[in-house]
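Novice:
Residue numbers (UniProt numbering): 1 to 173.
#1: Please report how far the alpha carbon of residue 109 lies from the alpha carbon of residue 101, in whole angstroms.
#2: Leaving out the 5 sequence neighbours to the left and right, which residues in its chain are closer than 7 angstroms to residue 53 when beta-carbon positions are compared?
#3: Residues bridged to residue 138 by DSSP?
#4: Which residue comes first and which comes last in the alpha helix (DSSP H) that contains residue 97?
#5: Indicate whether the contact test is met: 3 or more Cβ pairs, each with one atom in the stretch 157 to 166 and one in the stretch 73 to 87, closer than 8 angstroms.
#6: Taking 8 angstroms as the threshold (C-beta atoms), are residue 66 and residue 91 in contact?
#7: Quick one: what's got a C-beta closer than 7 angstroms to residue 58's C-beta in the same chain, skipping five residues either side?
#8: In whole angstroms, what is the alpha-carbon distance linking residue 62 and residue 97?
#9: What does the alpha-carbon distance come out to for the pair residue 73 and residue 130?
#10: Using a Cβ-Cβ cut-off of 6 angstroms (strictly less than) and excluding sequence neighbours within five positions of residue 41, which residues of its own chain qualify?
#11: Mind listing, in chain order, the continuous alpha helix (DSSP H) runs of no fewer than 4 residues lying wholly within the stretch 35 to 115?
#12: For residue 137, I'd like the list of residues in its chain whose CB is within less than 8 angstroms of its CB, leaving aside the five on either flank, ordered along the chain.
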């Protein structure tokens, strides 16, 4: 995704490295691109300003909290196609999670137009989806189905279905 605070990059990987990234990212319950982004952020972390380090730390903590909430919601039998919205609701209902979310976006959760909010919400959706090995629910033309909401920290989200190996992720915590 390209926005005011991200840059799209492209590079080639050796096949064995790519395969290992696929394996390790699946084991970590995250998207391969998020896995690679985290590795690159870790590599440059010592050279970042203290403020930027805190932002990365807070964002990483929020992703971890979101994944744990996703697993908790899933393990309690509350998975349905609106799983992403359910997990966001749980995050916002928890004062510590909500405060962390608001710290990362630099605004109240329901604020529209906060520059860091859209990319963060996109990544949170990925982390939530991969925490339980869910997949997008597709329409008849093969495109992911989306839902749109009001008065929520997110404006839209992809509807989900369980992935083929979701049962292997149930016990992970």
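Virtual Cβ for every residue (Gly too), placed ideally from N, Cα, C. Owing to the predicted nature of the structure, the values given are computational and were not obtained by experimental measurement.
Specialist: This is what the structure holds:
#1: 7 angstroms
#2: 45
#3: 144
#4: 95 to 105
#5: yes
#6: yes
#7: 100, 103 and 104
#8: 7 angstroms
#9: 14 angstroms
#10: 56
#11: 50 to 75, 83 to 93 and 95 to 105
#12: 81, 144, 145, 158, 159, 160 and 161
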